[in-house]
Amino acid sequence: MSYRSEVIDHLVRPRCVGEVPEPDGVGESGHEACGDVARFTARIEDNVLRTVRYKVYGCAACIAAGSALAELVDGRPLLEAARVSLADLEGALGGPLPPGKEHALTLTLDALHKAIEDYWNRNVEALLADGGYAGNGAARGKTVVAAMSGGVDSAVTALLLREAGYEVAAVTFRLHDGEKGSRSCCSPDTVLFARDTAHRMGLPHFTLNLKELFNRRVMRDFVGSYAAGRTPNPCVACNAHVKFHAAAFLADRLGFHQVATGHYARIADGPSLARPEDASKDQTYVLWPMPKELLARTVFPLGDYRKSEVRRIAEARGLAVAYTPESQDICFIPDGDYRKFVRKKVATEPGEIVDGEGRTLGLHSGVVDYTIGQRKGLGIAAPTPLYVTEVRPQSRQVVVGRREDLEVTEVRVGVMNWFLDPGEASMVQVRYNSLPVPCTLRDAGDGYWVARLEQPTSRVAPGQSAVFYTADGERVVGGGIVARTGS
114 MSYRSEVIDH LVRPRCVGEV PEPDGVGESG HEACGDVARF TARIEDNVLR
164 TVRYKVYGCA ACIAAGSALA ELVDGRPLLE AARVSLADLE GALGGPLPPG
214 KEHALTLTLD ALHKAIEDYW NRNVEALLAD GGYAGNGAAR GKTVVAAMSG
264 GVDSAVTALL LREAGYEVAA VTFRLHDGEK GSRSCCSPDT VLFARDTAHR
314 MGLPHFTLNL KELFNRRVMR DFVGSYAAGR TPNPCVACNA HVKFHAAAFL
364 ADRLGFHQVA TGHYARIADG PSLARPEDAS KDQTYVLWPM PKELLARTVF
414 PLGDYRKSEV RRIAEARGLA VAYTPESQDI CFIPDGDYRK FVRKKVATEP
464 GEIVDGEGRT LGLHSGVVDY TIGQRKGLGI AAPTPLYVTE VRPQSRQVVV
514 GRREDLEVTE VRVGVMNWFL DPGEASMVQV RYNSLPVPCT LRDAGDGYWV
564 ARLEQPTSRV APGQSAVFYT ADGERVVGGG IVARTGS
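Residues 114 to 600 (this note's numbering) are what the sequence shown spells out, left to right.
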């Protein structure tokens, strides 16, 4: 195997080798197949990589790549260092590495990014505070941090912003331990793919480790809700407590002003949320908990596009994400089996399946397996279809009834977040894929509001979101969490 002279030079005269004493960030990445390991340490001051050192244990290609990368980023601003791509590193080594050694580039670049990630992670206390992090957005001009998940929507979001004249920094969040090779937004492969996508657009890319925050604010609530007989929406919780706060955190530390995601929504005066051009992709329902101060510094570029247009843009610009499949509903449950996931986290006890009169119709193995509106998996025979109408965790009872027993005309809502005056609320949407229905809204006191529906609506469960819209159904007035339903 022969190497180019540039590789030989880095082997004979390695640059920046060693360890930074008391570093601000440490990153390590390994290659399972051959056992190569790269380690980067860095001192970071005023968003500049003041000192970078590396150690590589492995083949000559990895050692040379570590030396070349350290030389490329040592002493450079973070934004410049985070823009260094696999192609840049390959160029510093005189061209492509020999076949079978390409992993050296990915491994060393990943170790550097993990060192920067570690630096951010040592400063995220504000994100763990009860109130979350909104920041002040007091920064320069057209600058934006764009969340990048590895899918087509977030990639085109960053692309449109760059083409609109923004200075864009991309960020990918590690929210949980996604499996290698999976479609999960947090799998190692997806993070690498998102980084490569950003670099191919000439954008700096960062990662933030938000596993503790995500576990505390989303996963625990998800599990606890099912154990308590409620039906949670993890996307709502993530938007409320994780994604936008984290993007604002990074924006402020980079001196950037705005944040952006690939959600299909628009920003209206108020500020408030408004439905997007593509009604079939409307995501205003899951965005209602955003604090107004965060919404005021948010950009939703896809609000003016249809999904088909977004894919055409990606294809026309040569983005590899153009035909990536849609993401699954719950990012931390790749197989979609939420019952199995919850059962691993909580102890379950058997109980009775009863009708509305309290008569026992059957037995179940745990209330976590049931949610209001469920028809399948009841395990009981009846002359007419039965649906779960109530879950009673205290008595371990699951109540079933007819389809019409699911209909409600009144919804009690708490944990409110308002964008506009509540008096403007004329419509309410109680499920992600449902249509809004006319309602009248009154303040019930103690932080609760009661929506009286003008037409019966079914499958409304405690724990779900109720989102209120203006009379035309286009603008979000505010939203909250369903506490109780009635007829």
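In this text, a Cβ means the ideal position worked out from N, Cα and C, and glycines have one as well. Quick caveat, the model's predicted, so the values are computed rather than measured.
Going by CA-CA distance only, name the one from the options that's closest to residue i.
i: residue 414; options: 388, 439 and 403; result: 388
i: residue 281; options: 290, 289 and 267; result: 267
i: residue 170; options: 183, 284, 187 and 141; result: 141
i: residue 135; options: 228, 127, 216 and 391; result: 228
i: residue 158; options: 456, 232, 284 and 260; result: 232
i: residue 407; options: 437, 391 and 373; result: 373
i: residue 589; options: 433, 418 and 398; result: 398
i: residue 505; options: 485, 521, 548 and 552; result: 485
i: residue 380; options: 365, 396 and 328; result: 396
i: residue 117; options: 226, 400, 205 and 559; result: 205
i: residue 112; options: 455, 420 and 215; result: Outside the displayed span of the chain (114 to 600) sits residue 112, for which this structure offers no information.
i: residue 384; options: 410, 201 and 494; result: 410
i: residue 401; options: 360, 418, 350 and 445; result: 350
i: residue 287; options: 278, 260, 269 and 212; result: 260
Would you decide whether residue i is buried or exposed? Buried here means 16 or more other CB atoms lie within 10 Å of its CB.
i: residue 160; result: exposed
i: residue 209; result: exposed
i: residue 70; result: Nothing can be reported for residue 70: it is not among the residues displayed for the chain, which extend from 114 to 600.
i: residue 473; result: exposed
i: residue 575; result: buried
i: residue 598; result: buried
i: residue 476; result: exposed
i: residue 292; result: Low confidence applies here, because residue 292 scores a pLDDT of 49, under 50, leaving its location unreliable; read the following figure in that light. So residue 292 ends up on the exposed side.
i: residue 453; result: exposed
i: residue 557; result: exposed
i: residue 179; result: buried
i: residue 185; result: buried
Once the 5 residues before and after residue i are set aside, which same chain residues still bring their CB inside 7 Å of it?
i: residue 133; result: 154, 155, 156, 164 and 166
i: residue 498; result: 488 and 516
i: residue 528; result: 593 and 594
i: residue 347; result: 331, 335 and 443
i: residue 377; result: 389, 391, 394, 395, 396, 415 and 416
DSSP three-state call for residue i: helix, strand or coil?
i: residue 294; result: For residue 294, the pLDDT reaches just 46, beneath the cut-off of 50, and the residue's location in the model is therefore unreliable, leaving the point undetermined.
i: residue 477; result: strand
i: residue 460; result: coil
i: residue 601; result: In the structure as shown, the chain starts at 114 and stops at 600, and residue 601 therefore has no counterpart that could be examined.
i: residue 204; result: helix
i: residue 590; result: strand
i: residue 289; result: coil
i: residue 179; result: helix
i: residue 344; result: coil
i: residue 439; result: coil
i: residue 540; result: strand
i: residue 154; result: strand
i: residue 122; result: helix
i: residue 502; result: strand
i: residue 265; result: helix
When you compare the CB of residue i with every CB in chain C, is at least one pair closer than 8 Å?
i: residue 523; result: Here there is only one protein chain, and chain C is not present.
Cutting at 8 Å between CB atoms, please list the residues of its own chain near residue i, excluding the five before and the five after it.
i: residue 435; result: 265, 424, 427 and 428
i: residue 125; result: none
Output needed for residue i: all residues of its chain with C-beta closer than 6 Å, excluding positions within five of it in sequence on either side, in chain order.
i: residue 191; result: 160
Could you tell me whether the segment 536-550 touches the segment 494-512, using the rule of 3 or more Cβ pairs below 8 Å?
They do not touch, by the three-pair rule.
Using 8 Å as the cut-off, can you tell me whether the segment 543-559 makes contact with the segment 310-324, which would need three or more C-beta pairs spanning the two stretches below that distance?
Short answer: they don't touch.
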